[in-house]
Structure formats: C-alpha cells, structure tokens
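FYI, this note's numbering numbers position 327 of the sequence shown as 327, with every residue one higher than the one before it. Right, one structure below, let's go through it.
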Amino acid sequence: MNTEEIFSRSVLEKPESQRASRSNASLDLTRLMRLGWNENPYGMAPEVLKTIQEAARKGHLYQDFWCRDVKKAIADFYGMTPENVIMGAGSSPLIEMTGQAFINPGDEVLMCPTFAAFNDMTEVRLGRVVTVPLKENKGYDLNGLLKAVTPRTKMVVICNPNNPTGQYIPYEEIVSFMEKLPEDIVVFFDEAYIEFATAPDCRSAVPLISQMPDKPIIVSRTFSKYYGMAGVRCGYLLCSRELAAGISRIPGSWVSRDAQAGAVAALKEQKYYQSTKKQIVEGVAYLERELAALGCTVYHTQTNFIMFDPHIDCEKVREEIIERGILISIPMLCRVSVGTETENEYFIQCMKDILKNAAVA
Ligand SMILES: Cc1ncc(COP(=O)(O)O)c(C=O)c1O
1 MNTEEIFSRS VLEKPESQRA SRSNASLDLT RLMRLGWNEN PYGMAPEVLK
51 TIQEAARKGH LYQDFWCRDV KKAIADFYGM TPENVIMGAG SSPLIEMTGQ
101 AFINPGDEVL MCPTFAAFND MTEVRLGRVV TVPLKENKGY DLNGLLKAVT
151 PRTKMVVICN PNNPTGQYIP YEEIVSFMEK LPEDIVVFFD EAYIEFATAP
201 DCRSAVPLIS QMPDKPIIVS RTFSKYYGMA GVRCGYLLCS RELAAGISRI
251 PGSWVSRDAQ AGAVAALKEQ KYYQSTKKQI VEGVAYLERE LAALGCTVYH
301 TQTNFIMFDP HIDCEKVREE IIERGILISI PMLCRVSVGT ETENEYFIQC
351 MKDILKNAAV A
C-alpha cells in the first residue's frame, strides 16, 4: 500500500498534531490524579446524573438528530433562538466543523498561542496558522493581531480566558478590537472556561452577535468544564442565523441522547454549579498562593487551571510528578488543573518535594 498515493493532501501535508493530550497516550490514566486536562473534580449535579441515567435506558434508539430540546434550552438561556445554536459532541468537533466551513487552502488564521485544536483546524484545511506572540504578561495581544491582518486573513481565534495561560481579555478591549477589525474576517471566540471567571470585566462575547450584526462572530461553549461533563460530550456554537445555516451544511458530530438530556438538566442546576465554582475559586486561591510561596511565577487565572513557571525544567517537573501519581500538562510552562481540596494539598506537597530536590541537586 502506498500511503502517499491514497491519503488526501490534507493528511499528507498536515504536520503532527500539537495536542498535548496525544503525548499522554502511554500513561495509565486510571491510576493518576488527573490535574492535567482541566476537568472539573466536582462533576455533575446529582439531578444531571439522574437525568443521564434515565436517558441511557433508551440507548438502543437514536437520539433526536435535530437536538430540538437542548437547542431550545440553550437559546432560552441566552435570549436567542434555536436557529442561533449549533450542537456538537463537545466543542472540539465544532472547532473542526468551523474550519471546514470557512477555511480554504492558503487562508490565514490569526491567533496567539492557544489551544492546539485551532492549529489542527487550520492545517487540516491547508490553511496557514499565523501566530502572534503573547504579551509579556502572557496576555492575548489584540493589537498584535490587528497588525497581522493581511488580505489573506480569513479568521481570528480569540480564546477568552485563554488556555493554557488562564489570562483574560477585558470586555472593552474586545469591543474596541471588533470595531477595528475588517468586516469580512470571521472571529471565533472560544469561551470554554468563561463560566469560571470572577473578574467583572471578563465577559462573554455573545452579546456582540446581535450588537454587531455585520460581523461574522462565532462563540463556542462547552459543558465539559464548568458543568463537569467532559466525558459526556456536549458543546455548542452561538452565531447569527445566517452563519449557523451555513456551518450546519457541514456534517457534524451527533450529540447523544444522554448528552442532550444532561445538558438541558445542567442548565437548570445553576445553584449547584455556583457552589462548585466557589470551591474551585477557593482552590485557585490556595494553589496560586502556595505555588508563589514555593518561588514559582504564577499567572493569575480566570479559569479552573493555573499556569506557572517552576524555574526548573517543566518536562522534569511533569515526569517527577507523574511518578508521584499526578498528571499535569506542560503546553507552554507547567499547567495544573484545580482539584479537590485533598488533591490540591497533595499536589503542593509533591511540588515542595520536587523543588527541594532540584535545589540540592
Ligand atoms: C480552550 C478549549 N477549547 C475547547 C476545548 C474542548 O473541549 P470539549 O471538546 O471537551 O468541549 C478545550 C478542552 O480542553 C479547551 O481547553
């Protein structure tokens, strides 16, 4: 078999995926404390779990292909219509779908260093990723993005708050950026973590969809993080009806019956999720304080993970902490997800140990 002959150009010309999760394939993940993938340690609300269990009884029947109830629930949640909503089995397939809908070979996609799915989305369509460096404080550089616009720019990706930095862009800066950006450039806002934010000016771009009707704006959200449903797989895009109609021509991922039912139930359980958010925000404060006390440079986060510089080799920290039973990620520097109180304390104990050993070595 000559793979050079049978694979499409998009496969042959695509570089290796940059997704950090691929490098964990050989680990026994069932035995590790998972502080590497920004999962929510408190999980789903009990009512959501019950709803999913009930939905699973009908697992032998196909789900509602049109996702009518969940689209309606999401639309109501935002004061929009179901025609503004596109559903996916998590937001990752929706990112791929957006790439398919908009990117032609040679198109430029502007972004600062962010979630690697956006590289994949572009490269698999034979588009060109144009990466604008982060600012010195690791913030997303909107002015840098504006300066990088060329006639080939097709899309700008803004991850707010950003993964892996945890940094956010104040709302006023987003509005001013959008006012200056040419109208024919698609803007994709990834807001996977925005529900965890506590800064008053860390706000969703969703209102801009109706306030700037001439701009092609897409916002992605997920039930994986704040709603603790990473393994259930449910995410969605919000955009104008015109954009949604176009994107929907791309065959998408089917959202299971369990995921649809779980998502509808989750939106009703805001009290539960506000209380788990409180615990996560307390966990953030604890981890940030303790890591700083250990001499690490900590980038104050608006998410459920923290990026920090341990001032020793991050790869070594990752290897040593895996030996102690904890999974973290090193997409740029070290990144740790907030766990339960016990997990956070154990993580800090391990970091103390690792940094102390490195100091005497
Ligand atoms: C910034 C960002 N966007 C999107 C996703 C995809 O999440 P999911 O496919 O579970 O919705 C992730 C997952 O870690 C992420 O960090």
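Ideal Cβ positions, reconstructed from N, Cα and C, are used throughout, including at glycine.
query	result
Reducing DSSP to helix, strand and coil, say where R324 ends up.	coil
Whose C-beta lies closer than 7 Å to the C-beta of T153 among residues of the same chain, with five residues either side of it excluded?	E108, L110 and I185
With H, G and I counted as helix, E and B as strand and the rest as coil, what does DSSP make of Y227?	coil
Any contact between the region 273–287 and the region 127–142? By contact I mean 3 or more CB pairs, one from each, below 8 Å.	no
At what residues does the beta strand (DSSP E) containing F102 begin and finish?	Not the beta strand (DSSP E): F102 falls in the alpha helix (DSSP H), residues S91 to F102.
Using only alpha-carbon positions, find the residue among V255, Q167 and L327 that is nearest to Q63.	V255
For the putative contact between E195 and S220, defined by C-beta atoms under 8 Å, what is the C-beta separation to the nearest angstrom?	13 Å between Cβ atoms; not a contact.
Please report how far the alpha carbon of N162 lies from the alpha carbon of T51, in whole angstroms.	32 Å
To the nearest angstrom, how far is the alpha carbon of P46 from that of Y286?	27 Å
Anyone know if the C-beta pair for C239 and I250 falls short of 9 Å?	no
Per DSSP, which one or two residues make a beta bridge with I86?	L237
Below 8 Å CB to CB, which residues in the same chain sit around G106 once its five sequence neighbours on both sides are set aside?	L126, G127, R128 and R152
With hydrogens ignored, establish whether the beta-carbon of G144 is closer than 8 Å to any heavy atom of ligand 1.	no
Confirm, please, whether the CB-CB distance from N24 to G43 is below 9 Å.	no
Skipping 5 residues on each side, what residues in its chain have a beta carbon closer than 7 Å to that of L294?	M351, K352 and L355
So, is R241 buried or exposed, given that buried needs 16 or more other C-beta atoms within 10 angstroms?	exposed
List in chain order the residues whose CB is within less than 6 Å of at least one heavy atom of ligand 1.	N38, G90, S91, S92, F115, C159, N163, D190, A192, T222, S224, A230 and G235
With 16 as the cutoff for other CB atoms within 10 Å, does N357 come out buried or exposed?	exposed
For Y299, which residues does DSSP report across the bridge?	M307
Determine the DSSP secondary structure at V156, reduced to helix, strand or coil.	strand
Note down, one range per segment and in chain order, each beta strand (DSSP E) of at least 3 residues found wholly within the region 104–167.	108–111, 128–131 and 153–159
Going by the CB atoms, is the gap between V281 and T198 shorter than 9 Å?	yes
Please state the DSSP three-state secondary structure of I330.	coil
With DSSP as the reference, please indicate the residues paired to S220 in a beta bridge.	D190 and L237
What's the C-alpha gap between K268 and Q260?	13 Å
Around the C-beta of M1, are 16 or more other C-beta atoms found within 10 angstroms, so that it is buried, or is it exposed?	exposed
So what's S210 in DSSP terms, helix, strand or just coil?	helix
Use the C-beta contact count for T303: other C-beta atoms within 10 angstroms, 16 or more gives buried, fewer gives exposed.	buried
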